[in-house]
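Q:
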Amino acid sequence: MQDNFKDKAHSWDNPDKILMTSKFSNQIANSIFLYKSDKLAEVGAGTGLVGLSLLDKVNKIYMVDNSPSMLSVLRGKLDTTSKDKVEIFEGEFKDSDIKDLDGVICFMSLHHIEDTRDFIKDVKLKTKKNGFLAIGDLEQEDGSFHEGQKVPHLGFNLDNLTSLLEEEGFIILRKKVYDNKSKNEKNYPIFIIIAQR
Ligand SMILES: C[S@@+](CC[C@H](N)C(=O)[O-])C[C@H]1O[C@@H](n2cnc3c(N)ncnc32)[C@H](O)[C@@H]1O
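Structure follows, in structure tokens:
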């Protein structure tokens, strides 16, 4: 499989990304009660900026990503403590046999996943009753965010994504635009949706 993040992985953890991911991690930490026994999955975990910042609040995080180069950066960050709490799955979430999760996190990665409904169905399959799905991503944009690179989704219409989650049986707990990413003199609103199974 093609590694779309091969050229970006080594310089991914820059101050801009660290700030952006920390804002999302804060949203999670302030809106979801995480238990020390929780087992979470982060889909599109990349170099682990979000997941690693939440690691001390939970029991385990499965970090799922289909980019070997992003995961290689993540592996390089793991120390003896985090190694015990992180399990890496290289590939598509649907192809993993991860199950009985308390929650799934997905930051800036859903727009890279082709079939959103299938992803939501898969989250439902792999989480426990009352488990959560927390998505952070771009609101619908004009295609300029990726500067010509083709991605499956140009952000998301929040109402459409909400309807999709509700159609698949999720209850929306929180939905808001909480950040603005500025890039090439444009502003891209970033939303969070927290839904419960
Ligand atoms: C924009 S990056 C975000 C990484 C990380 N969440 C962060 O904010 O630093 C998107 C990530 O999703 C991963 N990704 C894209 N499509 C994927 C898929 N179908 N399954 C799993 N991971 C995927 C990419 O390899 C990349 O690491």
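Reminder that position 121 of the sequence shown reads as 128 in this note's numbering, one-by-one numbering, no gaps.
By construction, the Cβ of each residue, glycine as well, lies at the ideal position given by its N, Cα and C atoms.
1) By how many angstroms is the C-alpha of E97 removed from the C-alpha of V71?
2) Excluding sequence positions up to five away, which residues of its chain have a Cβ less than 8 angstroms from the Cβ of H17?
3) With which residues is F177 paired in a DSSP beta bridge?
4) Given this structure, state the Cα-to-Cα distance separating S32 from V57, to the nearest angstrom.
5) In chain order, what residues of the same chain lie with their CB nearer than 6 angstroms to the CB of W7, ignoring the 5 residues before and after it?
6) Check each candidate in P159, T123, K188, D149 and name the one with the smallest Cα separation from I142.
7) Quick check on the DSSP output: what are the complete alpha helix (DSSP H) runs of length 4 or more inside the stretch 40-116, in order along the chain?
8) How is V158 classed by DSSP in three states: helix, strand or coil?
9) Are K45 and G110 closer than 8 angstroms when you measure CB to CB?
10) What three-state label does DSSP hand S151 in the structure shown?
11) Count the other CB atoms, across all protein chains shown, that sit within 10 Å of the CB of F114; report buried if there are 16 or more and exposed otherwise.
12) With 8 angstroms set as the bound, which would you pick, yes or no: does the beta-carbon of I142 sit closer than that to a beta-carbon of chain B?
13) Could you tell me whether any non-hydrogen atom of ligand 1 is closer than 7 angstroms to the CB of I68?
14) Between H119 and F126, what straight-line distance do the alpha-carbon atoms span, to the nearest angstrom?
15) Following the continuous beta strand (DSSP E) through K136, name the residue where it begins and the one where it ends.
16) Excluding the 5 residues flanking K24 on each side, which residues of the same chain have their C-beta closer than 8 angstroms to its C-beta?
17) Might you give, ordered along the chain, the residues of its own chain that have their beta carbon closer than 8 angstroms to the beta carbon of G51, omitting 5 neighbours on each side?
18) Give me the Cβ distance between K30 and Y185, rounded to the nearest whole Å; I'm assuming they're in contact under 8 angstroms.
A: Here's the rundown:
1) Answer to the nearest angstrom: the Cα atoms are 6 angstroms apart.
2) Excluding residues within five positions, the ones whose Cβ falls inside 8 angstroms are S76, V80.
3) DSSP output for F177 lists no bridge partner at all.
4) Between S32 and V57, the C-alpha separation is close to 6 angstroms.
5) Here the chain covers residues 8 to 204 and nothing more, so residue 7 does not appear.
6) Sorting P159, T123, K188, D149 by C-alpha distance to the C-alpha of I142 places T123 at the top.
7) Secondary structure in the stretch 40-116: the alpha helix (DSSP H) runs of 4 residues or longer, each lying completely within the stretch, are 56-61, 75-84, 87-92 in chain order.
8) The three-state secondary structure of V158, taken from DSSP, is coil.
9) The sequence shown places Asp at residue 45, not Lys. For D45 and G110, yes; Cβs fall inside 8 angstroms.
10) Coil, per DSSP.
11) When all chains shown are included, F114 counts as buried.
12) Checking the listed chains, one finds no chain B in this structure; it contains a single protein chain.
13) Incorrect: I68 has no Cβ contact closer than 7 angstroms to ligand 1.
14) The C-alpha of H119 lies about 11 angstroms from the C-alpha of F126.
15) Note, K136: beta strand (DSSP E), 134-145.
16) Cβ contact annotation for K24 (same chain, cutoff 8 angstroms, sequence separation greater than five): L56, in chain order.
17) Once the five neighbours on either side are set aside, the close Cβ partners of G51 are V71, D72, C113, F114, M115, S116, L117, H119, I120.
18) By a beta-carbon distance limit of 8 angstroms, K30 contacts Y185. Their separation comes to about 7 angstroms.
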